[in-house]
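In what follows, a single structure is set out as structure tokens and then discussed.
2 protein chains.
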Amino acid sequence: MRAAIYELIKTDRKTKARRGRITTLHGAIETPAFMPVGTAAAVKAMRPEQVAETGAEMILANTYHLYLRPGQRVVAEAGGLHRFMNWDRAILTDSGGFQVFSLGALRRITEDGAEFRSHIDGSTHMLSPEKSIEVQNALGADIIMALDECAPYPADREYVKKSLERTTRWLLRCGEAHKNGDVQSLFGIMQGGVYADLRRQSALEITELDLPGYAVGGLSVGEPKPLMYEILDGCVDYLPKDKPRYLMGVGTPDCIFEAVSLGVDMFDCVLPTRVARNGTTLTSRGSVNIKNAKYKNDFTALDPECDCYTCRNYTKAYLRHLFKAGEILSAMLLTNHNLTFMSGMMAGIRNALEEDRFIEHKREFLSKYYA
Amino acid sequence: MRAAIYELIKTDRKTKARRGRITTLHGAIETPAFMPVGTAAAVKAMRPEQVAETGAEMILANTYHLYLRPGQRVVAEAGGLHRFMNWDRAILTDSGGFQVFSLGALRRITEDGAEFRSHIDGSTHMLSPEKSIEVQNALGADIIMALDECAPYPADREYVKKSLERTTRWLLRCGEAHKNGDVQSLFGIMQGGVYADLRRQSALEITELDLPGYAVGGLSVGEPKPLMYEILDGCVDYLPKDKPRYLMGVGTPDCIFEAVSLGVDMFDCVLPTRVARNGTTLTSRGSVNIKNAKYKNDFTALDPECDCYTCRNYTKAYLRHLFKAGEILSAMLLTNHNLTFMSGMMAGIRNALEEDRFIEHKREFLSKYYA
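Keeping their order, the protein sequence lines are chains V and C. With the working numbering applied, the first sequence corresponds to residues 1 to 371, in that order. With the working numbering applied, the second sequence corresponds to residues 1001 to 1371, in that order.
Structure follows, in structure tokens:
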């Protein structure tokens, strides 16, 4: 039995885009899907029902943060992440690796895993493949991620090759350590940097395990977008058609549309929630900076094509005022809108796929968004 | 016609406590009532429907803040404060005086009014009685307050006498300037410091105008509580029985119970919203500091006697985690609880008054709260 089962509903005729569905013990996720980020067991500035109301069917929580605070034992004792945070839809946890590697001088990677110092109190910890899985098993997300080593960009071939091979060895260790296969699905992560043959090698190695899903890691880490799309295009061909494909940490509307056309099913990104707190909103006509003085007397909705709670009830003038006054309600309302925008964008993609007009929809959407 | 009409439903037999109702064009307010503070046209960390859900029937907004940002013209153009902030229940605005006087060295008071420098950009402004009313007329709250001079504590008798007499002259000017008597009710403010005879003088002067309501100002400004209660006790006797009485800036549960027993009908205070953002919660068993380490593994609700959204859905362990992680959701959930607590406390007072057991209820509530 598998905790997350993928069903491929339809493949686009003109692109590699797919319409699918992932069924979990916490509901179905229609794909292509975007997952809002709830780093510390909370989507910032949102009540969980409000997150659901925006249309999100799965969120991502960060293992690194939850391991350090409040600790996986507290979450497990609470009955798992879903109960702890009062979210009854699906959750995916990352391995914690990406955050640890981002610590720079505060971490050291060996074959065992990554030794690091907490950004909170400086205490020393070891994140091994076994530890990552142990923590994720305790957190209890529907989908958990294997610990991988994400090579930076640029990185030389030899480094990337060693790194992807270690990622494969770590994946095997993760598989061994995973205790809750019946309620949690372990996804493997492909590495290989921007080297097509190494991507192929990684894919061949990790797909040998016949896992319930696969992620493409190590992209969107600084390489130019055309190169990212070129590599991604190759990557996807090495992945099984009957498993969901997850592009980690992406992203912006253009990247998501492009990745969908290359066959990606799942996305996550802090962008919509993070920029909201900074006063930037995503609308059908592109991004709108609510701080702009021209909105002082603008009594129209943020996005005329949006019917989210924020757009139904508030004007740009009020939203600008809240932001300028430093009101928490500003983050609440703008986050609500941005997450609704992302869900709406994904729903638009899915509808277009169902109606065989994905290419046309992509052109129309992006030309309006980036006008 | 009056915008806010007070109905005295019942007076307690053993105390001066009153059960009443204020009817406005934006609904009725059952009294005694507590008004949450929405300084900048937003109750911090709350959507307006959530504020209503906590039981609040009227909120207070600050004229000083709204005058400076976004400016009363923007609010008026939006259709008034209710529409601007999406709150369809009653609103009371203060005169702006208290905030201006708090500016200390940045303001200068003359017979004309108070000249001050903005805390936002340092620009110079003049808050006269006429200006305060002009701004409040533009904001459009149901109840507006006359500009008064709030004497500090301690202050000598001569100063306080001059100050209360100026307050009376300013009240007359406010009455002259007030344009929207049919939709906005102007309340006068009694001053007189801690001098019983000056309180009487102030009351006699301001009640000559037969205003729709009266506030007791200049208390809870640093004087000892017993002295405050003693003065308040006298004050209330000078005010008409058929008008609502509002004790500005109060307060804590003990002060509210005491003031209710002395005949006060309306209260406002930043306490429940402000302390919530600092991790302090008000519960039936007293205040609870959610930061406390003992709550790390406490999977019970914040207040076992509360059925608010926060208490229904989250544990102390989760609330503590959110606070420690600096999550905005912490402020949202704790504010929601604290406002529900205040509304519930006021509803408990009203029920006790209806059932002729106010004194008993007061004793029981406070002994549990301050156990």
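C-beta: ideal position from N, C-alpha, C; glycine also.
Just the C-alpha distance for Glu305 (chain V) and Ala371 (chain V), rounded to the nearest angstrom, thanks.
16 Å
For a cutoff of 8 Å on Cβ pairs, would you count Ala1078 (chain C) as touching chain V?
Cβ-Cβ to chain V under 8 Å: yes for Ala1078 (chain C).
Give the residues of chain C in contact with Arg396 (chain V), contact being defined as C-beta atoms less than 9 Å apart.
No answer is possible for residue 396 (chain V): it lies beyond the span of chain V, which begins at 1 and ends at 371.
Just to confirm, are Lys1368 (chain C) and Arg1285 (chain C) a CB contact at a threshold of 8 Å?
yes
When the cut-off is 8 Å and only beta carbons count, does Ala1301 (chain C) lie next to chain V?
no
What's the C-alpha gap between Ala1078 (chain C) and Leu81 (chain V)?
Computed Cα separation, rounded: 43 Å.
Can you give the Cα-Cα distance for Tyr1314 (chain C) and Ile1290 (chain C), rounded to whole angstroms?
12 Å
According to DSSP, is Ser1202 (chain C) helix, strand or coil?
The answer is helix: DSSP assigns Ser1202 (chain C) an H, G or I state.
With a cut-off of 8 Å on the beta carbons, I'd call Phe1341 (chain C) and Pro1272 (chain C) a contact; round off their distance for me.
7 Å
Select from C:Ile1091, C:Val1221 and C:Ala1090 the residue whose C-alpha is nearest the C-alpha of Ala1155 (chain C).
C:Val1221
Going straight from the alpha carbon of Val1183 (chain C) to that of Val1270 (chain C), what length do you get?
26 Å
Would Arg1108 (chain C) be called buried (16 or more neighbouring beta carbons within 10 Å of its own) or exposed?
Arg1108 (chain C) comes out exposed.
Judging by CA-CA distance, which residue of V:Ile359, V:Lys16, V:Leu239 and V:Ser102 is the nearest neighbour of Gln201 (chain V)?
Measuring from the Cα of Gln201 (chain V), the nearest candidate turns out to be V:Leu239.
Counting only beta-carbon atoms, is Asn278 (chain V) nearer than 8 Å to chain C?
Proximity of Asn278 (chain V) to chain C, defined by a Cβ-Cβ separation below 8 Å, is not satisfied.
Check whether the region 1262–1269 of chain C and the region 44–56 of chain V are in contact - that is, three or more C-beta pairs closer than 8 Å.
no
Please report the Cβ distance between Arg194 (chain V) and Tyr153 (chain V), rounded to the nearest whole angstrom; I am assuming they are in contact, meaning their Cβ atoms lie under 8 Å.
In the sequence under discussion, the amino acid at residue 194 (chain V) is Val, which differs from the Arg named in the question. About 7 Å separates the beta carbon of Val194 (chain V) from that of Tyr153 (chain V), a gap short enough to meet the 8 Å contact definition.
Which term fits Glu1327 (chain C), buried or exposed, when burial requires 16 or more other beta carbons within 10 angstroms of its beta carbon?
buried
Which residues in chain V have a C-beta closer than 7 Å to the C-beta of Thr1315 (chain C)? List them in chain order.
Ala78
With a cut-off of 8 Å on the beta carbons, I'd call Ile1231 (chain C) and Leu1219 (chain C) a contact; round off their distance for me.
6 Å
Is Ile1189 (chain C) helix, strand or coil by DSSP?
Judged by DSSP in its simplified three-state form, Ile1189 (chain C) adopts strand.
From C:Ile1256, C:Lys1010 and C:Gly1071, pick the residue whose C-alpha is nearest to that of Glu1355 (chain C); which is it?
C:Lys1010
Tell me which residue opens and which closes the beta strand (DSSP E) that Lys10 (chain V) is part of.
Ile5 to Thr11
Given a cut-off of 8 Å, decide if Gln1191 (chain C) and Ala1151 (chain C) are closer than it, judged by their beta-carbon atoms.
Contact flag set, yes.
Using the beta-carbon count (16 or more within 10 Å), is Tyr159 (chain V) buried or exposed?
Tyr159 (chain V) is exposed by the Cβ-count criterion.
Leaving out five residues before and five after Met248 (chain V) in sequence, what residues of the same chain have Cβ atoms less than 6 Å from its Cβ?
Cβ within range, chain order: Ala215 and Gly217.
Where do the N-terminal and C-terminal ends of the alpha helix (DSSP H) with Glu158 (chain V) fall, by residue?
Arg157 to Ala177
Between Ser95 (chain V) and Met145 (chain V), how many whole angstroms is the CB-CB distance? I'm expecting something under 8 Å.
A Cβ-Cβ distance of about 5 Å is found for the pair Ser95 (chain V) and Met145 (chain V), placing them in contact under the 8 Å criterion.
At a Cβ threshold of 8 Å, is Leu329 (chain V) touching chain C?
yes
Val375 (chain V) touches chain C at which residues, Cβ-Cβ below 8 Å?
For chain V, the structure presents residues 1 to 371; residue 375 (chain V) sits outside this window and is missing.
Please classify Leu227 (chain V) as buried or exposed, where buried requires at least 16 other C-beta atoms within 10 Å of its C-beta.
exposed
Could you tell me the alpha carbon to alpha carbon distance between Arg69 (chain V) and Ser1330 (chain C), rounded to whole angstroms?
15 Å
Contact between the region 1127–1142 of chain C and the region 1061–1075 of chain C: three or more CB pairs below 8 Å?
yes
Arg1047 (chain C) CB to nearest chain V CB: under 8 Å?
yes
Return no unless some Cβ of chain C is closer than 8 Å to the Cβ of Pro332 (chain V).
Residue identity check: residue 332 (chain V) is Met in the sequence provided, not Pro. It does; some Cβ of chain C falls within 8 Å.
Where does Phe341 (chain V) sit, in a helix, a strand or coil, going by DSSP?
DSSP, reduced to helix, strand and coil, places Phe341 (chain V) within a helical segment of the structure shown.
Name the two residues that bound the continuous alpha helix (DSSP H) containing Gly234 (chain V).
Lys225 to Asp237
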